[in-house]
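Colleague: Under the UniProt record's numbering, the residue at position 91 of the sequence shown is numbered 91, and the numbers go up by one with no gaps.
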Amino acid sequence: MTEISATFETCLRNFASEILPVMTGLLSLTAETGEIARPAHLIEAMRHGLLNGGKRLRPFLVVETASLLGGNRPAALRVGAALECLHSYSLVHDDLPAMDDDDMRRGKPTVHIAFDEATAILAGDGLLTLAFDTIAAPETALPDKARIDLVLALSRAAGIGGMVGGQALDLAAEKNAPGEEGVVTLQAMKTGALLRFACEAGAIIAGAPAGDLARLRRYGELLGRAFQIADDLLDITSDAATLGKATGKDADRGKGTLVGLKGQDWAVAELARLVDEATSLLSPYGGKARILIEAAKFVAARQN
Numbered sequence: 001m002t003e004i005s006a007t008f009e010t011c012l013r014n015f016a017s018e019i020l021p022v023m024t025g026l027l028s029l030t031a032e033t034g035e036i037a038r039p040a041h042l043i044e045a046m047r048h049g050l051l052n053g054g055k056r057l058r059p060f061l062v063v064e065t066a067s068l069l070g071g072n073r074p075a076a077l078r079v080g081a082a083l084e085c086l087h088s089y090s091l092v093h094d095d096l097p098a099m100d101d102d103d104m105r106r107g108k109p110t111v112h113i114a115f116d117e118a119t120a121i122l123a124g125d126g127l128l129t130l131a132f133d134t135i136a137a138p139e140t141a142l143p144d145k146a147r148i149d150l151v152l153a154l155s156r157a158a159g160i161g162g163m164v165g166g167q168a169l170d171l172a173a174e175k176n177a178p179g180e181e182g183v184v185t186l187q188a189m190k191t192g193a194l195l196r197f198a199c200e201a202g203a204i205i206a207g208a209p210a211g212d213l214a215r216l217r218r219y220g221e222l223l224g225r226a227f228q229i230a231d232d233l234l235d236i237t238s239d240a241a242t243l244g245k246a247t248g249k250d251a252d253r254g255k256g257t258l259v260g261l262k263g264q265d266w267a268v269a270e271l272a273r274l275v276d277e278a279t280s281l282l283s284p285y286g287g288k289a290r291i292l293i294e295a296a297k298f299v300a301a302r303q304n
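#1: Which runs of the alpha helix (DSSP H) fall wholly inside the segment 120-172 and span at least 4 residues, in chain order?
#2: Measuring only the C-alpha atoms, how far is alanine 158 from glutamate 117?
#3: Anyone know if the C-beta pair for arginine 302 and leucine 195 falls short of 8 Å?
#4: Which residue's Cα is closest to the Cα of leucine 261: Val275, Ser280, Leu233?
#5: Just list the residues that DSSP pairs methionine 104 with in beta bridges.
#6: Here's the rule I'm using: 16 or more other beta-carbon atoms within 10 Å means buried, otherwise exposed. How should threonine 134 be labelled?
#7: State the Cα-Cα distance for the pair glycine 224 and glycine 179, rounded to the nearest angstrom.
#8: Whose CA, out of Ile293, Glu200, Leu122, lies closest to the CA of leucine 281?
#9: Excluding the 5 residues preceding and the 5 following glutamate 277 in the sequence, name in chain order all residues of the same chain whose CB lies nearer than 6 Å to its CB.
#10: How would you call lysine 288, buried or exposed, if buried means at least 16 neighbouring beta carbons within 10 angstroms?
#11: Reducing DSSP to helix, strand and coil, say where methionine 1 ends up.
#12: Residues in the same chain with beta-carbon distance under 7 Å from glycine 162, minus the five sequence neighbours each way, listed in chain order, please.
#13: Which value, in whole angstroms, describes the spacing of the CA atoms of serine 90 and valine 111?
#14: Do you know whose CA, among Thr119, Ala66, Tyr285, lies nearest alanine 40's CA?
#15: To the nearest angstrom, how far is the alpha carbon of leucine 83 from that of alanine 31?
#16: Under a three-way DSSP split, which group does leucine 96 fall into?
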C-alpha cells in the first residue's frame, strides 16, 4: 500500500486549523437575520458533533480542487464548512441507538451519550439545515448560479439517491446481506457521494468548464471507493483505540463488504489500482495537482 507523505499530513493538519474558525463561527450563539433565537444547549450539542476533531478531508478536497482551478478560497472554505456540517449530521444520526448504536466517535462520547437521544436528533437536524443555509448565504461570495448548483449537487449527493439512501440500504443489509453489485451501490451512495461532491464542488466554485468538472467528479468517485475499501480493511485489522470508534461491527451484524467478499489481498491491490486511476486523471494539471495526488494516496493508506 502507498505510503502517506509526512508533508501531506502536515498540510492536512494545517488545513484543519484553518477551517476550524470558519466552522466555529457558524455555531455562534448570536442569531442570524431571520432567526429568532439560538438555544444554547442545542448549539453546545451541535458543536460537540462538529468540532470534536476529525481529519476534515471533505472540506479539504473542496478547497484544494477549487484552488487547483483558481477558485475563490474564502468561498470554498465556507462551502467546505457546510459540507462538514452535513457530514457531521450524518455521523450524529448514524451513531444513534436506532441506527449503528455507537458510544464513541473520534475517541469521544457520541452526541447522544454526551447529551441525550432527543438532543442528538435535533443537533443533527440543525447541522443538516445549517449546511444549506451556509451555501445559500450572501457571505458565501459566489455567483447566484454557482450557489444554486452547489445546493442542488449537495442535495443529490446527500439525499435519497445518495448518502441517506445508502444508509437505508446499509440498514437493510443487516437482514439480507447484498452481493458484490449491491455492496458497490450501497457504498457509492453512503460514503462515495459526499466525497464525489467535495471534488466537483471545487470545480463549481471555480466556474470551471464541463470537462474539468467531469474529471474532478470522477476523481472524487474513485476516492470514495478507495476510502470505503480502506475503511473496511481497518474495521478488521485495526482496534478501537486507534480508530476512535468500535471495530468489527459490520461482520458482527452480518453486513457484506467488498473486503469480506473478495479478501484482504484483493483489497490492497484494488486500493493501488484506484489510486493509480485517480492520479492519472490529474495529469493534465501537472505539478499544480500534487496535493490532490497525495490526497488519493492518503485515502488508501490511512490508519484511522
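No residue lacks a Cβ here, since even glycine has one placed at the ideal position from N, Cα and C.
Modeller: In this structure, then:
#1: Within the segment 120-172, the complete alpha helix (DSSP H) runs of at least 4 residues are 144-158, 163-172.
#2: When rounded, the distance between both Cα atoms is 22 Å.
#3: Taking 8 Å as the cut-off, the beta carbon of arginine 302 is found no closer than this to the beta carbon of leucine 195.
#4: Residue Leu233 is the option with its Cα nearest to leucine 261.
#5: Under DSSP, methionine 104 shares a beta bridge with Pro109.
#6: With 16 or more other Cβ atoms within 10 Å, it is buried.
#7: Going by the C-alpha atoms only, they are around 19 Å apart.
#8: Ranking Ile293, Glu200, Leu122 by Cα distance to leucine 281 puts Ile293 first.
#9: Excluding residues within five positions, the ones whose Cβ falls inside 6 Å are Leu222.
#10: Classification of lysine 288: exposed, given that the 10 Å Cβ count is below 16.
#11: Any answer about methionine 1 is weak, because its pLDDT of 44 lies below 50 and its placement is not dependable; what the coordinates show is given next. DSSP, read as helix, strand or coil, puts methionine 1 in coil.
#12: Closer than 7 Å at the Cβ level, and outside the excluded window around glycine 162, lie Arg156, Met189, Ala193.
#13: Distance from the CA atom of serine 90 to the CA atom of valine 111, rounded to whole angstroms, is 12 Å.
#14: Comparing alpha carbon positions, the residue from Thr119, Ala66, Tyr285 closest to alanine 40 is Thr119.
#15: Each residue's Cα considered, the two are about 21 Å apart.
#16: Three-state result, leucine 96: coil.
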